[in-house]
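The block underneath contains the structure these notes are about, expressed in C-alpha cells.
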Amino acid sequence: MKKWVPAASGLLAGFLAATVFFADLSPAQRSEASNDTNKSNAEKVYVPFGEKDEYYLFASGGHSGQMFIYGVPSMRHIRTVPVFSKDSATGYGWDTHSKEMLGDYTWGDLHHPAFSEKDGDYDGKYMFATDVGNSRAALMNLETFTVKDIINVPNTSGPHCAAFVTSNTEYMFLPTRFAVPIGREYASLDEYSEKYRGVMSAVTFDDKKEKLNIAYQVALPPWSYDLSDAGKKVSADWAVMTTYNTEEATTNLEINASQADRDYIVLFNWKELEKMIKDGQYDEVTGQKMIFPEKHKGGIYLVPVAKSPHGVDVTPDGKRFIASGKLAPAMTVFSFEKAFEAIKKEDFAGERNGIPVLKYESVMEKEVNPENALGPLHTQFDEKGMAYTTMFISSEIVKWDPNTGETLDRVPVQYSPGHSVAAEGDTVDPDGKYLIALNKIAKDSYLSVGPSHPESMQLIDLSGKKMEVIQSSPVNPEPHYAQMIKADKIKTISVYPKDENNPDAVYSQDQTKIVRKGNEVHVYGIAMRSKFIFDAKVERPDQIEVNEGDKVVIHLTNIDFDQDITHGFAINGYDLNIEVQPGQTNTIEFTADKAGTFPIYCTNFCSALHQEMTGYFLVKPK
Ligand code: CUK
Ligand code: CUA
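Start counting the sequence shown at 4; every next residue gets the next number (this note's numbering).
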C-alpha cells in the first residue's frame, strides 16, 4: 500500500495538501485498493426491505447543524434530526419550543455527539451534542429523536468536545477550541496571554426536566483545547483533553502554533473539581462558578505530548490514554496508573500557568509509529481492546495492539479519514464487528454533483482476520464524529401519550375553540385524517379569521393515535410550517402582518384524502 504514502518530506505541507497525493489514482487502482465489493461483501451489508439493521449510527452533521441517523450494516440513511439549525422538513425552528431553543441563531456546527452512559455503557436514552459555531450544547431524547434542550455556553468559544460523557453521565465536559477574554469582552490581541482564557465547562443534566445546566467552569490558560475523553473504570473520576497552541500565538497559527516541540494533555480529576466547588474554591464570574487553576489549586495536571496533538482516547479498560500526533507521526500511549503515582509523589517537572506539569517519561508508556503511517487523528477500540487509528495523510486505518505497540493490520480508505467509529466503541465493552471510517474527501467515488463532492463513510468488517471495506456511503456535510449503538438499546415511543394536564392540548372535536383576547387570537385545534378542526362550533371549522396585526397562537394536537400518522400545518404564503406527530400537541406563534387570503394545508402525506386536508387563514385588512 506504499502508493498511499506521501513523500516523507514536508509533513506539514503534506497534512495541508493531503488531497493531492490521491488525486492521480485511477478508479481501477482505487477499487483494487478498497477490496472489490464482491458478492459476499454485498451479502454482508444487505438488509432486506422490512428487516432492521443491527446498529444505529448517529453521525454529526457538522455545519449543517444536524444529526444524521444511519442503519448499520446497510448504511441506509434513516433520518436527519435537526439540532442547531432550522429544518423545514419537521418544522423545527418554527414551533415555539424549538424556536425558543434556537433563539437568534440560524446555524450550528455539530461536531461531537455522545450517548448518555450507565456504568460506562451507552444506555440508549439521550444523546448530547455540541455546537462549535455558536458555542451551544444540546440534549436529544432518544424515545422521540427530538431535541429537548439547548443551552448557550458562556465564556467558551467553540466547545469542541469528544465522546465526553462520564461513566454515569454525571457530566459532559466542554473544552473550548478558541480562547477569548472572559465574558467575550473586548481585549486587544496584544493582551492575549494576560486576558484571554480557554474556559472549559462542566455541564450536567436533569433527566426529569430534560434540561442542561452549567455546573461550573474552569479558566484554563489561553490555549486551544481540542479532543477529550472521559476516563473509565479505574480512571472513571478523571478525564483527558488535548491542547495545542501552548505557544499562545495570536496570528498565523498554521506556523506559529507548531513551534514548540511539546504541547500538553490536560489531565483532570472531576471529582476533585466538584469538591472544590462544594468547598467554595472558585470565583463567581459572569454568573458562573469559575475555577482559576493558578489560584484554586488542585485536580488539574499537564502531561507533555508531541506537538499539536489532535485526538486523545481512553482504552476500554480505563488504564491508558492514547494521544494522536496530527503532525507527529506517532500515537503515544500513556498510563493512568503511572500518572496517579507521579501525582501522589508530586513528581513534577515544574508548572505552567500555575498548573503542575508531569514528567513525560514518568507517564508515557510507549510511542507507537507504524511504518509510513502519517497523520494519526483518532482511535477506536474493539472487543479485545485492540486500537484502530485513523491516518489522515496516509489515508488508512491502522489496527494495533496498545499492549505491545505492534501493528496488526492496515486498510486504505478513500480518502483522508478524520474520525472512525467502532460499534459501541467508546464504552467499557466495545462490540468489535464494525468500524466506519468518516472520510473527509471522497474524490470521484460517487456520481458527480459538481465541483464539491459528498463525503464518504466506509464500513469496515472487523470480524475476519483482515479488516475489509465492505460498503461505502455518501454523506452530506459533514460528519466529524459518530457513535454506533446496538439497535435494541434504543426504545422509541410509537405515539405521544395523552397529556390531560397540558392546557394547550385538545383531544376531541367538541373541545376545539378559537379564543380572542384583545388583539391576540388563540386557536386550540386538532389535526386528524383528513381535516383540521380549529373550532367545531362554527360554520367552517377549518377556517381561522384574524385582523391584520393580530398576534396568532395556534395549538394543534394530532388526535390520530396511530403510529406514523404525522400531520403538518403550513400556511401558504406565510412562510411557516410545523408538524404534529401522532398524539403530539405543538404550538406556533406569529403576527398576522400580511392582510389577505392564505390557504392552510397539511404538509405530510397522511391519507388518501391528504390533498383535502386544507383550510383558510383569512386576515382582514386594518
Ligand atoms: S475533530 Cu473533525 S476530524 Cu471536530 Cu473530532 Cu478530529
Ligand atoms: Cu394530514 Cu396530510
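Where is the CB? At the ideal position from N, CA and C, for every residue including glycine.
query = Gly127 to Glu146, Cα distance in whole Å?
reply = 9 Å
query = So what does DSSP say about Gln291, is it helix, strand or coil?
reply = strand
query = Run through DSSP, which three-state label would Leu105 get?
reply = helix
key: For Tyr199, three-class secondary structure by DSSP   = strand
query = At which residues does the beta strand (DSSP E) containing Ile346 begin and terminate?
reply = Ile346 -> not in any beta strand (DSSP E); alpha helix (DSSP H) instead, spanning Phe339 to Lys347.
task = Output the distance between the C-alpha atoms of Ser37 and Gln417, rounded to the nearest integer angstrom.
result = Confidence is the limiting factor: at Ser37 the pLDDT is only 44, short of 50, which leaves the residue's position unreliable and the question unanswerable from this model.
Nearest to Leu441 (by Cα), restricted to the options His115, Glu46, Trp110 and Ile81 = His115
request  = Taking only runs that begin and end inside the stretch 130-168, name each unbroken alpha helix (DSSP H) of 4 or more residues, in chain order.
outcome  = none
query = Are the beta-carbon atoms of Arg82 and Phe71 separated by less than 9 Å?
reply = yes
ask   = For the ligand CUA, is there a heavy atom less than 8 Å away from the beta-carbon of Ser231?
value = no
ask   = Less than 9 Å separating the beta-carbons of Thr159 and Ser191?
value = no
message = Using 8 Å as the cut-off, can you tell me whether the stretch 346-360 makes contact with the stretch 396-410, which would need three or more C-beta pairs spanning the two stretches below that distance?
response = no
request  = Give the range of the beta strand (DSSP E) segment to which Trp273 is assigned.
outcome  = Here Trp273 belongs to no beta strand (DSSP E); instead the alpha helix (DSSP H) covers Trp273 to Lys281.
Neighbour-count burial assignment, Leu438, 16 or more Cβ in a 10 Å radius = buried
request  = Quick one: grab the DSSP three-state call for Glu323.
outcome  = It is Arg, not Glu, that sits at residue 323 in the sequence shown. Note: Arg323 maps to strand in three-state DSSP.
request  = Between the Cα of Glu54 and those of Gln69, Gly74 and Gly618, spot the shortest distance and give me the residue it belongs to.
outcome  = Gly74
ask   = So which of Gln69, Tyr95 and Lys436 has the shortest CA-CA distance to Val583?
value = Tyr95
key: Alpha-carbon to alpha-carbon, Ala490 and Met367   = 37 Å
request  = Quick one: residues in its chain with C-beta nearer than 8 Å to the C-beta of Tyr577, no 5 flanking neighbours on either side, listed in chain order?
outcome  = Phe593, Lys597, Phe601 and Phe620
task = Grab the span of the beta strand (DSSP E) containing Ile547 for me, first residue to last.
result = Gln546 to Asn550
Residue from Pro457, Lys494 and Gly618 with nearest C-alpha to Pro477 = Pro457
query = Hey, how far is the Cα of Pro157 from the Cα of Thr590?
reply = 29 Å
ask   = So, is Ile444 buried or exposed, given that buried needs 16 or more other C-beta atoms within 10 angstroms?
value = buried
query = What distance in whole Å lies between the Cβ atoms of Met244 and Val269, which are believed to be in contact at a cut-off of 8 Å?
reply = 5 Å
query = Measuring CB to CB, does Val555 end up less than 9 Å from Val518?
reply = no
ask   = Can Thr560 be considered in contact with the ligand CUA, in the sense that its beta carbon sits closer than 8 Å to one or more heavy atoms?
value = no
ask   = According to the Cβ coordinates, are Ser238 and Gly321 closer than 9 Å?
value = yes
query = Contact between the stretch 334-349 and the stretch 369-382: three or more CB pairs below 8 Å?
reply = yes
inquiry  = The alpha helix (DSSP H) that contains Glu471, what's its start and end?
reply    = No alpha helix (DSSP H) contains Glu471, which is instead part of the beta strand (DSSP E) from Glu471 to Val478.
task = For Met104, collect the residues of the same chain with a Cβ closer than 6 Å to its Cβ; drop the 5 residues on either side in sequence, then sort them by chain order.
result = Ile153
Option in Asp209, Ala263 and Asp98 with minimal Cα separation from Met143 = Asp209
task = Would you kindly check if the distance between the Cβ of Thr149 and the Cβ of Ala140 is under 9 Å?
result = no
message = Check for me: the alpha helix (DSSP H) holding Ile258 runs from which residue to which?
response = Leu256 to Asn259
query = Are three or more beta carbon pairs between the stretch 205-223 and the stretch 407-423 nearer than 8 Å?
reply = no
Rounded C-alpha distance that separates Asp193 from Gly234 = 37 Å
query = Going along the chain, which residues of its own chain have a beta-carbon closer than 7 Å to the beta-carbon of Ala539, five neighbours each way excluded?
reply = Gln512, Asp513 and Thr515
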